[in-house]
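Some notes on the structure that comes next.
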Amino acid sequence: MSITPSASAPLAVVTGASGALGAAIRTRLVSKGWQVVATYRTRPPADDDCESGVSWVRFDAAEESATTALRTAVDACPGQLCAVFACVGAPSTKKAVADTDVSEFEAVHQANVVSFVRTWHAVAERARRDGASILAAGSDAGQAARPGNGPYTAAKAALASLVITLAKEELDNGVRVNLLAPSLIDSPLARHVMALKGVTDPDAYYTQLPWGRPLALHEVATTCIELATAAHWSYATGQIYPLGAAV
Ligand SMILES: NC(=O)c1ccc[n+]([C@@H]2O[C@H](COP(=O)([O-])OP(=O)(O)OC[C@H]3O[C@@H](n4cnc5c(N)ncnc54)[C@H](OP(=O)(O)O)[C@@H]3O)[C@@H](O)[C@H]2O)c1
């Protein structure tokens, strides 16, 4: 059950809130009484997702108008902008670099990196005024650089560099910027990616992972919220936090 937030309730932006991780973060925040500005691109909210306290806005990294639309939605919300969760992302088609069209590199970069730039352009003024904390969803792929994942690896590595740059630029403005880099999460995106890799039995694949399972969505969502909002993380900025297991 959601609680109707008061006008002074803390405000968060969750981009990619129609996706698995964004939805998990969004619903947790709403259950704690936050106001949330939530973005989707192709999947508008179903009735079940129209919780009290959530303002939905269409946001496509390819469109200049997305920046203005997100800024307008944020400006319409009262309360202190405390956190921004940048959860937009898109995978590659898992081909070797030699077999991957340039257009795929561009599209994957746009989803994973340009979306973050647009988000910051939309929220920067309010984030500085309110001392917001920015948390980007990266991936262990940005460091692992596994074969057959060039566009995604390059995009997530670029996103990590951008997060560190932005953190240094905004330190004196009171804005923290960090990135969580999880390994495989039990999610529709993971199952889609496994299918592209030719995995026909996801459950059998999962048993070969450390601890015999992927990350659970609630583990990742809870960690994102904790990193961005808990007082004991308030020193951290410009940090890349892996969430996985060494193998
Ligand atoms: N799932 C995993 O195993 C995993 C592991 C490590 C890291 N991550 C990262 O975690 C984040 C969330 O993953 P997820 O599993 O929640 O993915 P998801 O379910 O596929 O959600 C992706 C979200 O991004 C939006 N989106 C995609 N392309 C966009 C674009 N060009 N412009 C604007 N919005 C766009 C989607 O909107 P619509 O659906 O409305 O079009 C959706 O809301 C991503 O950055 C992903 O790379 C995921």
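Just so we're aligned, residue 1470 is where the sequence shown starts under my numbering, counting upward by one. Even for Gly, the Cβ is constructed at its ideal location relative to N, Cα and C.
Scanning its chain for C-beta atoms nearer than 7 Å, with the 5 sequence neighbours on each side dropped, one finds around T1692 the residues L1649 and L1712, in chain order.
Beta-bridge pairing by DSSP links F1554 to V1483 and L1604. In the three-state reduction of the DSSP assignment, L1653 falls in the coil class. DSSP, read as helix, strand or coil, puts Y1704 in coil. From the listed residues K1564, G1667 and V1543, the smallest Cα separation to P1616 is found for K1564. DSSP places T1622 within a helical segment (H, G or I) once states are collapsed to three.
Contact annotation, A1697 with A1552: C-beta distance approximately 4 Å; criterion of less than 8 Å satisfied. Taking 7 Å as the cut-off, the Cβ atoms of G1707 and A1593 do not count as close. The beta carbon of A1555 sits closer than 8 Å to the beta carbons of T1484, G1485, S1584, F1585, T1588, I1603, L1604, A1605 and A1606 from its chain, once the five residues preceding and following it are set aside; these are given in chain order. For S1572 and S1561, the gap between their C-alpha atoms comes out near 11 Å.
Counting along the chain, T1508 sits inside the beta strand (DSSP E) bounded by residues Q1504 to Y1509.
DSSP places V1662 in the helix class (H, G or I) of the three-state scheme. Going by DSSP, S1524 is part of the beta strand (DSSP E) stretching over V1523 to R1527. Relative to the non-hydrogen atoms of ligand 1, the Cβ of A1481 never comes closer than 6 Å to any of them. Within the chosen limit of 6 Å, ligand 1 does not reach the beta carbon of T1622 with any heavy atom.
Relative to ligand 1, the beta carbon of P1651 is positioned inside 6 Å of a heavy atom. For L1712, no alpha helix (DSSP H) segment is defined; the enclosing uninterrupted segment is the beta strand (DSSP E) at I1709 to L1712. Relative to ligand 1, L1658 has its C-beta within less than 6 Å of a heavy atom.
Of the residues assessed, C1546 falls on the buried side of the cut-off, its CB having 16 or more other CB atoms within 10 angstroms.
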